[in-house]
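Have a look at the structure below before the remarks.
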Amino acid sequence: MTISDTPGAAPATLDTLMPGPLSLAGHRLGTPQRAGALTMVPISGPAYPGIAPPRRALKLVRVDGYGRVELRNGAADGVAIVPLHMGYIQDAAQNHALCRSAFIAAGQTLMFEDAACVQASQTGYLTGRDQWFFILPVELRTRALQRRGVHDFSKLWPDIAALNRGYGLPGRGHLEQILSRKRPVLTQFQSRLELQPGQLGALFFIDGRLAGLELAPDPGYFADVWAALVCFAYGVAAWHAEQRHAQTQPPSGAPAGAAAGARPFPATSLSELRAALDRDRAARIAQIAQWLADVPTGPVEFTEEERYLGLRLSTVTGDHLSGQVVTDGDRAVYASLFAPWPVDTPR
Amino acid sequence: MDTPTLLTHLETHAVPLTLPRGGTLRWDDADLHKAAYTADPEGYALLGLAPGVRPWQRARVLLQVLAASQAGLDDATRTTLARLARVLTLALPPAHVITVLLGLRRLRANHKHTTRAALRFVLEHPDADALIAERRPALRDCFEHALGKATARGCARRIADGDTGSDYLQRRLLRFLTAPHHALRRVPALYAADPQANPQQQAAAPREPVLAVERTPPHPGTVTATNRGDIAATLVHLYRGGPAEELYVALDRYLADAVAGYPRFPGAVGLVLDASASMRGYGERQWALMSQAAALRMVLSRVCDRLEVVEVGGDERVPRGATDLATGVLDALAVGPDLVAVVSDGYENVFPGDLARVAATLPHAGVTTPVLFCHAMFTRTDDLTLRRPAPALPQRGFWHQDDFDELLPWMFGHCTAGEPWLRAALHARLDALDRQAAQIGGIAA
Numbered sequence: 001m002t003i004s005d006t007p008g009a010a011p012a013t014l015d016t017l018m019p020g021p022l023s024l025a026g027h028r029l030g031t032p033q034r035a036g037a038l039t040m041v042p043i044s045g046p047a048y049p050g051i052a053p054p055r056r057a058l059k060l061v062r063v064d065g066y067g068r069v070e071l072r073n074g075a076a077d078g079v080a081i082v083p084l085h086m087g088y089i090q091d092a093a094q095n096h097a098l099c100r101s102a103f104i105a106a107g108q109t110l111m112f113e114d115a116a117c118v119q120a121s122q123t124g125y126l127t128g129r130d131q132w133f134f135i136l137p138v139e140l141r142t143r144a145l146q147r148r149g150v151h152d153f154s155k156l157w158p159d160i161a162a163l164n165r166g167y168g169l170p171g172r173g174h175l176e177q178i179l180s181r182k183r184p185v186l187t188q189f190q191s192r193l194e195l196q197p198g199q200l201g202a203l204f205f206i207d208g209r210l211a212g213l214e215l216a217p218d219p220g221y222f223a224d225v226w227a228a229l230v231c232f233a234y235g236v237a238a239w240h241a242e243q244r245h246a247q248t249q250p251p252s253g254a255p256a257g258a259a260a261g262a263r264p265f266p267a268t269s270l271s272e273l274r275a276a277l278d279r280d281r282a283a284r285i286a287q288i289a290q291w292l293a294d295v296p297t298g299p300v301e302f303t304e305e306e307r308y309l310g311l312r313l314s315t316v317t318g319d320h321l322s323g324q325v326v327t328d329g330d331r332a333v334y335a336s337l338f339a340p341w342p343v344d345t346p347r
Numbered sequence: 001m002d003t004p005t006l007l008t009h010l011e012t013h014a015v016p017l018t019l020p021r022g023g024t025l026r027w028d029d030a031d032l033h034k035a036a037y038t039a040d041p042e043g044y045a046l047l048g049l050a051p052g053v054r055p056w057q058r059a060r061v062l063l064q065v066l067a068a069s070q071a072g073l074d075d076a077t078r079t080t081l082a083r084l085a086r087v088l089t090l091a092l093p094p095a096h097v098i099t100v101l102l103g104l105r106r107l108r109a110n111h112k113h114t115t116r117a118a119l120r121f122v123l124e125h126p127d128a129d130a131l132i133a134e135r136r137p138a139l140r141d142c143f144e145h146a147l148g149k150a151t152a153r154g155c156a157r158r159i160a161d162g163d164t165g166s167d168y169l170q171r172r173l174l175r176f177l178t179a180p181h182h183a184l185r186r187v188p189a190l191y192a193a194d195p196q197a198n199p200q201q202q203a204a205a206p207r208e209p210v211l212a213v214e215r216t217p218p219h220p221g222t223v224t225a226t227n228r229g230d231i232a233a234t235l236v237h238l239y240r241g242g243p244a245e246e247l248y249v250a251l252d253r254y255l256a257d258a259v260a261g262y263p264r265f266p267g268a269v270g271l272v273l274d275a276s277a278s279m280r281g282y283g284e285r286q287w288a289l290m291s292q293a294a295a296l297r298m299v300l301s302r303v304c305d306r307l308e309v310v311e312v313g314g315d316e317r318v319p320r321g322a323t324d325l326a327t328g329v330l331d332a333l334a335v336g337p338d339l340v341a342v343v344s345d346g347y348e349n350v351f352p353g354d355l356a357r358v359a360a361t362l363p364h365a366g367v368t369t370p371v372l373f374c375h376a377m378f379t380r381t382d383d384l385t386l387r388r389p390a391p392a393l394p395q396r397g398f399w400h401q402d403d404f405d406e407l408l409p410w411m412f413g414h415c416t417a418g419e420p421w422l423r424a425a426l427h428a429r430l431d432a433l434d435r436q437a438a439q440i441g442g443i444a445a
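These protein sequences, in sequence, are chains A and B. Final position of the first sequence in this note's numbering is 347; the numbers increase by one with none missing. Final position of the second sequence in this note's numbering is 445; the numbers increase by one with none missing.
Shown next as structure tokens:
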């Protein structure tokens, strides 16, 4: 049972979400999954071939001083689309995040002069050991996008400090306070929500509100960025929402609805139970479809940033949604779009 | 009381038996034990050997067995109870046994089997010398209660006077023992001078049982995907693409070894096997959970007359996709099993809470089939806070192949069809422990 084929669900489609003339023809929404405050609706659809998978192809070559990060596309063929707001954490080295996406052709190296330092420490060359990448938490993404092209390595420190304070952590410009120290709980999102076969994108809702739309060229690319998206880009805000809920609800040690006093379905036989379960799920899927229909819309501005053959990388800016997309004609190849998500805004 | 409820009680209620000075024995669940014994003395007693039963509950079983009259029981049952008493007196911490024997004194319970068990513990326990040195007054009370104070002291006097086998000593004392020569030395020790007079010579009282009922749990320094038992390790190498022919031959051998000690389960088990993406895992833990869950499935397939597997997500070879446990349980119930076991890491996401609601509805839908949750874990210390999709279901975790020894009795103990299995398995356990007890007795003699 998916959103796309649920009877009675609001007529929400991906096309209504994608800004401007972008087409997601042939893409479908799958069965939603939920983990606490985070709901993920998988997107499947036709793959766009020829894009290098980021986790395997992209390598961090070095951090050349504050705010300068060099990446290499080590793939033998296939252009790499650098995931928007990708960052690296590595032991004994400075952690940086990128404020924009980019194309890197096969075998090419690219220096990002406008990277943001997310932790003050020594600069230097990095080895491949103990290196893992993340994607900036959604709370930081709007500001990071706004500050792309700005050569100021400390440009995110005030926002990171505010984020830390909002989460009850010391107000310092160290994103590691969340990403590393809370890693055991954040990485559980990788298991709490599960990648579907053929999945190449997802909608992420936190507490019923659209937080982001992520679309990859193919399932392999999406699998590469899945953990960084679910654990860090959206997992951080979802974890914080769960913390807030835990303060207002008695702890059950179990997922919502799974408490010892779970409410029985109205059924007196197995067949009735199965039917009641199906009805209940259809209602919940319809509710999620309604969330989709309720996503605010409005004008957005497209700014082309880069080209690679027929591919265009553009920045999307709007009051309700921002991010970057890669297109081939009117077809969306890659998209990372997110809602403004200020820290501690009552929702 | 039904077996699952009793077993759960034995596994969870750890309150000690106590003997307040001058008061009555504090035995908070005596009615429960008495009722269970009355309903099925042998079945009740054997449950005391089930893996995972708390030591103080085993002490209660020993107390109940020794306190109750055996009038009306057949010889086979009496033999089983006697063997169980012998095993438990060696398999419990000596202090627990002493509390039991003193409790029998407070209860004024005295039967031939009580006398025999008490005398053998006091005079033939492998650590009897050290125990007498440390707990002399208590053990003397046990000895005098077993024989009666006058008879006990009469025996002690005769032994002190050099009697080694008179008709009186034979009939009153030695006939209860397997190694009477110990009594000739240890009875005088029970009546020796106050040990406090020379505390330096006191031996430290043995605190550990001399017979291990539970298998020592594995404690590898670092848990990996391949040090969790032979079956799972072999499966991990198969999943990783290792040499199939060689690995399958080994797998067959490991499976045969693993099931050799289990009786046949004469019923049907519906197994809801979580084969979603999270069961595959990632990084260094990849395949760890799936391989152990598959190992359990393979063991069950060889032990059960009928095993119906409902895979959720993907399949055992290719775990993928989301976790819909609620539908899995409904599908499993549809095949009419005696028992449904959900094997999962506990990450339910389509939709979370549905399994709990389905489980809560089953009694209203007229379903009496037990549904159990078997938690697939990476180590015994996994944080399960976010991994309990249906807290009201009976649940037990497993991470190592050795855990199957506890898991299977727990599973089969939840259904009527499993009672013969449980009894047969526990009889086999008693046989094995009794052989060890005999060896211990032989060494001590």
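Built from N, CA and C at the ideal position, the CB exists for glycine as well.
DSSP, read as helix, strand or coil, puts P266(B) in strand. Around the beta carbon of H414(B), 16 or more other beta carbons lie within 10 angstroms, which makes this residue buried. Within the same chain, and ignoring the five residues on either side of V310(B) in sequence, the residues whose Cβ sits closer than 6 Å to its Cβ are V272, G328, D331 and A332.
In the three-state scheme derived from DSSP, where H, G and I count as helix and E and B as strand, T297(A) is classed as coil. At a Cβ-Cβ threshold of 8 Å, V79(A) and F338(A) do not count as neighbours. With contact defined as three or more Cβ pairs closer than 8 Å, the segment 290-303 of chain B and the segment 222-235 of chain B are in contact. A straight-line Cα-Cα distance of about 26 Å links L17(B) and T77(B). The segment 169-180 of chain A makes no contact with the segment 256-266 of chain B, as fewer than three CB pairs between them are under 8 Å.
Fully enclosed beta strand (DSSP E) runs of no fewer than 3 residues occupy 371-376 and 395-398 of the segment 364-417 of chain B, in order along the chain. Interface criterion not met: the Cβ of P180(B) is under 8 Å from no Cβ in chain A. A183(B) sits close to L123(B), with the two beta carbons spaced by under 8 Å. Secondary structure note for L251(B): it is in no beta strand (DSSP E), and the uninterrupted alpha helix (DSSP H) holding it is A244 to V259.
Pairwise C-beta distances place the segment 26-44 of chain A in contact with the segment 234-245 of chain A, as three or more of them are shorter than 8 Å.
Contact check for A332(A) against L29(A) fails: the beta carbons are separated by 8 Å or more.
Of all residues in the segment 356-384 of chain B, the ones placed with a Cβ closer than 9 Å to any Cβ belonging to chain A are A356, R357, V358, A359, A360, T361, L362, P363, H364, A365, G366, V367, D383 and L384, in chain order. Taking one beta carbon from each stretch, the segment 207-215 of chain A and the segment 357-371 of chain B have fewer than 3 pairs nearer than 8 Å; the two do not touch.
Of the residues assessed, S271(A) falls on the exposed side of the cut-off, its CB having fewer than 16 other CB atoms within 10 angstroms. Apart from sequence neighbours up to five positions away, the residues of its chain that approach A161(A) with a beta-carbon distance below 7 Å are G171, R172 and G173, ordered along the chain. Residues of chain A whose Cβ lies closer than 7 Å to the Cβ of T323(B) are, in chain order, E194. The beta-carbon of A341(B) is placed no less than 8 Å from the nearest beta-carbon of chain A. Between F265(A) and chain B, the shortest Cβ-Cβ separation is below 8 Å. Collapsing the DSSP output to three states places F176(B) in a helix. Judged by DSSP secondary structure, C304(B) falls within the beta strand (DSSP E) whose first and last residues are C304 to G313.
H151(A) is a Cβ neighbour of E113(A), given a cutoff of 8 Å. Ranked by Cα distance from A223(A), the first of P158(A), Q324(A) and A52(A) is A52(A).
Looking at the DSSP output, Q290(A) sits in no beta bridge, so it has no partner there.
Identification of residues in the segment 27-43 of chain A having a C-beta nearer than 7 Å to some C-beta of chain B yields T31, Q33, R34 and A35, given in sequence order.
Judged by DSSP secondary structure, L47(B) falls within the alpha helix (DSSP H) whose first and last residues are P41 to L47. Between G26(A) and G45(A), the beta carbon gap of about 5 Å places them in contact (Cβ cut-off 8 Å). Against chain A, the CB of L273(B) has no partner CB under 8 Å away; the residue lies outside that interface. Burial check for T142(A): the Cβ neighbour count within 10 Å reaches 16 or more, so the residue is buried.
Between the segment 89-101 of chain B and the segment 210-224 of chain B, the count of C-beta pairs closer than 8 Å reaches three or more; the two stretches touch. Inclusion of P54(A) and P19(A) in the CB contact set at 8 Å is not warranted, their separation being larger than that value. One Cα belongs to A59(B), the other to V100(B), and the distance between them is close to 7 Å. In the displayed model, L430(B) falls within a helix according to three-state DSSP. Taking a beta-carbon distance threshold of 8 Å, G353(B) counts as an interface residue toward chain A.
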